[in-house]
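Numbering (the numbering used here), first residue to last: 221 to 437. C-beta atoms are modelled at their ideal positions from N, C-alpha and C, and glycine is treated no differently. Note that the structure is predicted; figures quoted are calculated from it, not measured.
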Amino acid sequence: MVKSNHIPFEDWVDWMFNRQDDQWPWGDDRGLRSNWFRNNRLMAEHFIELHRNSVKSLKDLTNFQIGNGLWNLYTAALGLSPLDGNGIHAKLHYEMIASLVPMLQQLLPERVPHHEGYANDRISDAVYMFWDSAPVSPFRKNHTDRELLDVCISEMQQALNVKHPAAHKHALHGLGEFHLDIPDRAKSIIDEWLEQNPYVLDSIRNYAVKARVGDVL
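Structure representation (structure tokens):
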């Protein structure tokens, strides 16, 4: 017997991504929404599977559909994934964040231009704004979650090593957001990356120069 709060991965992908225009997954919930919000662990596991196998999982969808789905999945206000870590084990939370890297490695080269036109793609938009829209922060009111911080920084450093400008901007945005709390560490990572990568796109280099001092949008 299938549990009432179990949603097959393929059905979930179809619900989250197979939409027209800029439609949010509210009105047409296909009977899945109430079950989805009952199971944070399932939400996390589907999130990880999607990001680790993004090319295959999203192969029949347009870039616009994928980008919109990722926006909805990442945006804190919608609560469509437990990116804040609530209701799941810390290890699973860290795996969610780490799973972004294989998605950047696999999906971006397959779908998004490597030249300056990358910035006009909806997928690029979604991954760029991840660290701004997703409820992921190791910096609490009275303390810093050092283990979560290391997981986030590791994700950003690995993203900088992906051979794609959209991955670079994703990572630089995150480091720029974290600059307020770890200015020396963020600046050092960006400076080292710039020194080792002299031939990145001009727009990325210019953004990195701003990110190293926390000047990101």
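Is it true that the CB of residue j sits closer than 8 Å to the CB of residue i?
i      : j      : result
Ile308 : Ala264 : yes
His390 : Pro322 : no
Leu303 : Ala354 : yes
Val233 : Gln325 : no
Ala346 : Gly396 : no
Leu290 : Asn238 : no
Asn292 : Met236 : yes
Leu262 : Ile227 : yes
For residue i, count the other beta carbons within 10 Å of its own beta carbon; 16 or more makes it buried, fewer makes it exposed. Which is it?
i      : result
Arg342 : buried
Gln285 : buried
Glu375 : buried
Lys223 : With a pLDDT of 42 at Lys223, under the threshold of 50, the predicted position of this residue should be treated as unreliable, though the coordinate-derived value follows. Classification of Lys223: exposed, given that the 10 Å Cβ count is below 16.
Ser408 : exposed
Arg366 : exposed
Ala310 : exposed
His388 : buried
Asn288 : buried
Tyr419 : exposed
Met221 : Because Met221 carries a pLDDT of 29, less than 50, the predicted location of this residue cannot be relied on, and no value is offered for it.
With a cut-off of 8 Å on the beta carbons, I'd call residue i and residue j a contact; round off their distance for me.
i      : j      : result
Ser344 : Phe267 : About 19 Å; that fails the 8 Å criterion.
His393 : Gly434 : In fact, because the Cβ distance is near 11 Å, the residues do not count as touching under 8 Å.
Arg437 : Ala428 : In the sequence on display, residue 437 carries Leu and not Arg. Not quite, the Cβ-Cβ distance comes to about 14 Å (not below 8 Å), so this is no contact.
Tyr314 : Phe350 : Wrong, their Cβ atoms sit about 16 Å apart, outside the cutoff.
Ile410 : Pro385 : Incorrect: roughly 15 Å between the Cβ atoms, too far for contact.
Glu336 : Leu278 : At roughly 24 Å, the Cβ-Cβ gap does not stay under 8 Å, so Glu336 and Leu278 are not in contact.
Asn260 : Asn306 : 7 Å
For residue i, name the three-state secondary structure that DSSP assigns.
i      : result
Ile424 : helix
Ser224 : In this predicted model, Ser224 has a pLDDT of only 40, less than 50, meaning its place in the structure is not dependable; the value taken from the coordinates is given anyway. If DSSP states are grouped into helix, strand and coil, Ser224 belongs with coil.
Legend entry - the stretch 354-366 touching the stretch 404-411, judged by at least three CB pairs closer than 8 Å: no
Inset, instruction - Assess, as a yes-or-no matter, whether the stretch 362-377 is touched by the stretch 325-335 under the definition of 3 or more beta carbon pairs within less than 8 Å. - result: no
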